[in-house]
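A short write-up of the structure that comes next.
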Amino acid sequence: MDIERIGVTQRWCDAAIFNGIVFLAGHVAEKTEGRPLGEQTEEVLALLEETLEAAGSDKTRILSVQIFLTDISKIAEMNKVWDAWVPTGTAPARATVEAKLASPGHDIEITAVAAKRMA
């Protein structure tokens, strides 16, 4: 089976697809970098949706997600946006941890694994 890659750069790709499974790279805020965590979360989730769509999937097919926050004490602010974004009954397996991110303006990074839509 071939591996399909979306959004390939020198260092990474936005998603790699193999055997019907979509592996998403860590997504961070681009336009809202340095803004409040809620705004960054909204943007990151929108970017995830765009990548999932390009990969033939959607947010209801996310199997697992890892969320990295620079300040875990702000998890409630992130959860408010997350809870409104995840459709009822489709919440994926999830881990949320505090981590130092590569750019000081990024307060959240999310990576996920999803199933492609059935043909």
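Residue numbers (the working numbering): 239 to 357. In this text, a Cβ means the ideal position worked out from N, Cα and C, and glycines have one as well.
Task: For glutamine 304: DSSP bridge partner residues - done: Ala333, Thr349
Task: 8 Å contact criterion, which arginine 249 and serine 295 should meet: CB distance rounded - done: Incorrect: roughly 23 Å between the Cβ atoms, too far for contact.
- [ ] Kindly indicate which three-state DSSP category isoleucine 241 falls into: helix, strand or coil?
- [x] coil
- [ ] Starting from the C-beta of valine 282, find all residues in its chain whose C-beta is less than 7 Å away, skip the five residues before and the five after it, and write them out in chain order.
- [x] His265, Val266, Ala267, Ile346, Ile348
Open item on the list: Mapping the DSSP letters down to three states, classify valine 260 as helix, strand or coil.
Closed with: strand
Task: For isoleucine 255: DSSP bridge partner residues - done: Glu242, Val260
Open item on the list: Would you say the beta carbon of isoleucine 310 is closer than 7 Å to some non-hydrogen atom of the ligand NAP?
Closed with: Inclusion of the ligand NAP in the displayed structure is not the case, the ligand content being empty and no account of it being possible.
TODO: Return the first residue and the last residue of the alpha helix (DSSP H) that isoleucine 313 is part of.
DONE: 313-323
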